[in-house]
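Peer 1: Numbering-wise (this note's numbering), the sequence shown opens with residue 16 and increments by one.
By construction, the Cβ of each residue, glycine as well, lies at the ideal position given by its N, Cα and C atoms.
Here the structure is a predicted model, which is why all the values come from computation and not from measurement.
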Amino acid sequence: MAMPAREELNGALALTRQKDKEKGVEAIYIDILINEALLKEKKEKLKQKIDQALDRNDREAFMELSARLREVEKELNA
Numbered sequence: 016m017a018m019p020a021r022e023e024l025n026g027a028l029a030l031t032r033q034k035d036k037e038k039g040v041e042a043i044y045i046d047i048l049i050n051e052a053l054l055k056e057k058k059e060k061l062k063q064k065i066d067q068a069l070d071r072n073d074r075e076a077f078m079e080l081s082a083r084l085r086e087v088e089k090e091l092n093a
């Protein structure tokens, strides 16, 4: 059985490295999507809590929740 040529081995190694890079990019993209979904959910929950604070005339809770909402919106727009 003949040994593969050096060029074949180099080509196979290059292909393997390219696939590893693609997997890395996919993992990063998935992380970004998950993080964005979590932030959007957090934003919606904060908006609901803000509405509840307004219904209760709870100024302190409203101010705190509004500040937290601004931070989440900054993260979403970053």
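Using CA atoms only, rank isn't needed, just tell me which of Leu-30, Asn-25, Val-87 and Leu-24 is closest to Lys-60.
Peer 2: Val-87
Peer 1: Using the three-state DSSP reduction, which class does Ala-76 fall into: helix, strand or coil?
Peer 2: Ala-76: helix per DSSP, three-state reduction.
Peer 1: Please report how far the alpha carbon of Ala-76 lies from the alpha carbon of Leu-91, in whole angstroms.
Peer 2: About 22 Å.
Peer 1: Sorted by chain position, which residues of the same chain lie with C-beta nearer than 8 Å to Lys-58's C-beta, five sequence neighbours on each side aside?
Peer 2: Leu-84, Val-87, Glu-88 and Leu-91
Peer 1: Note the first and the last residue of the continuous alpha helix (DSSP H) segment covering Ala-52.
Peer 2: 21–70
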